[in-house]
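In order, the protein sequence lines correspond to chains A and B.
Start counting the first sequence at 451; every next residue gets the next number (this note's numbering).
Start counting the second sequence at 20; every next residue gets the next number (this note's numbering).
No residue lacks a Cβ here, since even glycine has one placed at the ideal position from N, Cα and C.
Bear in mind the structure is a predicted one, so any value in this text is a computation, not a measurement.
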Amino acid sequence: SQQGEEDPQALSIQEGENATMNCSYKTSINNLQWYRQNSGRGLVHLILIRSNEREKHSGRLRVTLDTSKKSSSLLITASRAADTASYFCATAEVSGNEKLTFGTGTRLTIIP
Amino acid sequence: AAGVIQSPRHLIKEKRETATLKCYPIPRHDTVYWYQQGPGQDPQFLISFYEKMQSDKGSIPDRFSAQQFSDYHSELNMSSLELGDSALYFCASSLLGGGYGYTFGSGTRLTVV
């Protein structure tokens, strides 16, 4: 079964707007990571947030983590056409060897 | 900077054939992971190695096997290929406990015909 469920599954916004994607998970985690994937290409690590952190920033990215609700959000501010991609959250469980379990992904389309 | 290298980039095989995928992790990374991503699907964990020993196993068919060699490169061997094995296969490496996330390779696209 899927560890992570992402919401929405697809999102289309105008360039310059902000994009918010959400992720929920089921188990206790060490950390949660967000990855980006262009169609048919490799996964690119964007940001990692540890279970004892609540918010993290990296450039135009802001990630929040609510361990009580087992959810995370990824905010991309001032979106650009080049941000068009699929975004996945992935969790590293407490009991694991940091293997990642991926969510179902959000397909983000930025309209120029 | 060196990234995770996977070869080949593309592979076409017939049903019941065998395929070998290779992965060269980032130097000094001690953990290698293999993932399978079907069309429109999220990546699914197959198997991982820490310091050349298998450390975890996911939903990997018995027809698949993998190992990590003394130079830390890893190979995923797939036998008796089925049409459903067609997917992108990703290798990733990390430094266990490093807290920097994985570095993924560009993947091998396997097509079984």
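Just the chain A side, please: which residues come within less than 8 Å of residue i by C-beta, in chain order?
i: SER125/B; result: ARG491, GLY492
To the nearest angstrom, how far is the alpha carbon of residue i from that of residue j?
i: ALA38/B; j: LEU558/A; result: 34 Å
i: GLU467/A; j: ALA528/A; result: 5 Å
i: LEU95/B; j: LYS519/A; result: 37 Å
i: ASP61/B; j: SER89/B; result: 31 Å
i: ASP49/B; j: ASP75/B; result: 14 Å
i: SER501/A; j: GLU36/B; result: 44 Å
i: GLU33/B; j: ARG512/A; result: 45 Å
i: SER489/A; j: ARG504/A; result: 30 Å
i: SER521/A; j: CYS473/A; result: 5 Å
i: GLY103/B; j: ARG82/B; result: 13 Å
i: THR517/A; j: SER523/A; result: 12 Å
i: VAL51/B; j: GLU101/B; result: 25 Å
i: THR78/B; j: ALA460/A; result: The amino acid at residue 78/B is misidentified as Thr; the sequence shows Ser. Whole-angstrom Cα-Cα distance: 27 Å.
i: VAL132/B; j: ALA106/B; result: 12 Å
What does residue i reach in chain A if we use C-beta pairs closer than 7 Å?
i: GLY120/B; result: GLN483, HIS495, LEU498
i: SER26/B; result: What SER26/B touches in chain A: nothing, since even the nearest Cβ is about 14 Å away.
Can you list the residues of chain B that residue i reaches, using a CB-CB cut of under 8 Å?
i: GLU548/A; result: THR50, SER113, LEU115, GLY116
Mapping the DSSP letters down to three states, classify residue i as helix, strand or coil.
i: GLY490/A; result: coil
i: LEU511/A; result: strand
i: LEU115/B; result: coil
i: ASP533/A; result: helix
i: LEU100/B; result: coil
i: GLU94/B; result: strand
i: ASP516/A; result: strand
i: THR50/B; result: strand
i: ALA460/A; result: strand
i: CYS543/A; result: Correcting the residue identity first, residue 543/A is Glu in this sequence and not Cys. Three-state result, GLU543/A: strand.
i: ASP81/B; result: coil
i: SER74/B; result: strand
i: PHE538/A; result: strand
i: GLN56/B; result: strand
i: GLY126/B; result: coil
Given that residue i touches chain B, what residues does it touch there, using C-beta distances under 9 Å?
i: THR554/A; result: GLN60, ASP61
Output, in chain order, the set of chain A residues within a Cβ distance shorter than 9 Å of residue i.
i: PHE64/B; result: LYS549, LEU550, THR551, PHE552
The ligand ADP heavy atoms versus the CB of residue i: any closer than 6 Å?
i: GLY57/B; result: As presented, the structure is devoid of all ligands, the ligand ADP included, so that no description of it is given.
### Short-range partners of chain B found in the segment 490-515 of chain A, where Cβ spacing is below 9 Å
GLY490, ARG491, GLY492, LEU493, VAL494, HIS495, LEU496, ILE497, LEU498, ARG500
### Short-range partners of chain A found in the segment 86-113 of chain B, where Cβ spacing is below 9 Å
LEU107, PHE109, ALA111, SER113
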